[in-house]
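Novice:
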Amino acid sequence: MSTFIANLDSVTPPLTAQHKIVLWIGANAGGVGKTTLAVHIGYEMACRGFDTAILDLDSNGSMSLFCGLPRSSKPQNTMAAVFAENFNGAWPLITPSWGEPNGKLQICPGGGVMSKVVDDLSSRRRREYILSDRLSKYPLAHNLVILDCPATLGSLNDAALAAATHLLIPVQLTYKSIKGSDGLLEWYRAACRDLALEPAPKILGFVPNQFDSAEAAQRRILAQLPDKLAKIKINCYKQIRYSSEFNNASGKGLPLFLYRGSHDACSDFSVICDDLTNLIKGEDKRGI
Ligand SMILES: Nc1ncnc2c1ncn2[C@@H]1O[C@H](COP(=O)(O)OP(=O)(O)OP(=O)(O)O)[C@@H](O)[C@H]1O
Ligand SMILES: [Mg+2]
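Residues 181 to 468 (the numbering used here) make up the sequence shown, in order.
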C-alpha cells in the first residue's frame, strides 16, 4: 500500500439532525461490487423496516438488471429527470416486483441516459451541487438513500459526494485494486476540499469483496488491510465472500437473499447494516 493511504487524515462524521443517511457507494474501478453492495444493503435495510431508496447514477444499467426492473430509456423515468433543469420534485422511483420487503425499497434507475447527463453537466452552474440541491429542496422521505456510483471519478461522482453523508468503498483483494483505492482517497480528499464539503462525508469503511479463501494472495492482502486502514483511522469491514451465486442471482434480477436465502454469504452484509441502523437511530456506539 502506498504512503498516501498511510498519511490520510480522517474527517468528522456528518450526521444530519434527522439522522438520514445518504450513502455513497463507489470505487475508481469497475466490477468491484458497488452495485451488488447497493442492492444487498438496500434489501437488508428495507427488511429491517427502513425506507430505503437507491439512486442509480451509472450509465451501465446494472442496477436495473440486478433488480429485475424494466429497461426504460425514457429520461423522465430515470435519474436524468432529477438532474434536468425543470425537475419539479417528482422522483421517478420504482418498487421492484419482489414480494418482500413490502415496498420499503425503491429504486430510481440510471442507464444509458446518464451519459447525456454527464455531457450536459459540463455547461451547468452548480453542477457538483445539483443532487445535493435536489435532496434539500425536494427531500426524499426515506431513512437511507444509497447512491450507486459509476467507476469514473467524474462529475457524477462529484455530485454524489457533495450529496452524501457517508461513503462505503468496496475493494477486491488484489494489489491493483488496493493500489487503486489510494487514488480514490486522493480524489475524496481533494473533492471535499475543493467543493468545501463541511462537514465532509465520513468514510464508513472499506469492504473487501469477492474474497476467495483458496487464493493465497487474497489471504495475504486481507490479513494486512485492516491494520493499514486503521493507521489512517479508516474502518475495514469483514469481507464478503466470493460466490458464483451472486452472479446467478443478479441474472435473475434478485438479491441473493431471495434467490438463495439460506446461502452463508447472506450474512456477510449484516455488520454494515448494523452500523447503518445505529447511524439512522442515532445510536452510533462505535463513534463512527
Ligand atoms: N461477492 C461476490 N462473489 C462473486 N461475484 C460477485 C460478488 N460481488 C459481485 N459479484 C459479481 O461481480 C460482477 C461485478 O459486480 P458489480 O456489478 O456489483 O460491480 P460494480 O463495481 O458495480 O461494477 P461496475 O463498475 O461495472 O458498475 C457481477 O457479475 C456480480 O454478480
Ligand atoms: Mg455497478
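A virtual CB, placed ideally from N, CA and C, is assigned to each residue, including glycine.
Could you give the DSSP three-state label for N266: helix, strand or coil?
Specialist: DSSP places N266 in coil when its eight states are reduced to three.
Novice: State the DSSP-derived secondary structure class of K382, mapped to helix, strand or coil.
Specialist: Strand.
Novice: Using the beta-carbon count (16 or more within 10 Å), is N266 buried or exposed?
Specialist: Counting Cβ neighbours within 10 Å, N266 comes out exposed, since fewer than 16 surround it.
Novice: Determine the extent of the alpha helix (DSSP H) in which I221 is found, giving its start and end residues.
Specialist: Per DSSP, I221 belongs to the alpha helix (DSSP H) from 214-227.
Novice: May I have the straight-line CA-CA distance separating L409 from A371, to the nearest angstrom?
Specialist: Rounded to whole angstroms, L409 to A371 spans 20 Å at the Cα level.
Novice: For P272, which residues from the same chain have a beta carbon less than 7 Å from its beta carbon, with the 5 sequence-adjacent residues on both sides left out?
Specialist: Q256, N257, T258, A261, C288, listed in sequence order.
Novice: Measuring CB to CB, does N208 end up less than 7 Å from G334?
Specialist: Taking 7 Å as the Cβ cut-off, N208 and G334 do not qualify as a contacting pair.
Novice: Is D238 near ligand 2, going by C-beta to nearest heavy atom under 6 Å?
Specialist: Flag set: Cβ of D238 near ligand 2.
Novice: Taking 6 Å as the line, does the beta carbon of S242 fall inside it for any heavy atom of ligand 2?
Specialist: Because some heavy atom of ligand 2 lies under 6 Å away, the Cβ of S242 counts as near it: yes.
Novice: To test your reading of the DSSP string, which unbroken beta strand (DSSP E) runs of 3 or more residues are found completely within the segment 244-323?
Specialist: You should have 285-288.
Novice: Could you tell me the alpha carbon to alpha carbon distance between L353 and V219, rounded to whole angstroms?
Specialist: Those two C-alpha atoms are separated by around 21 Å.
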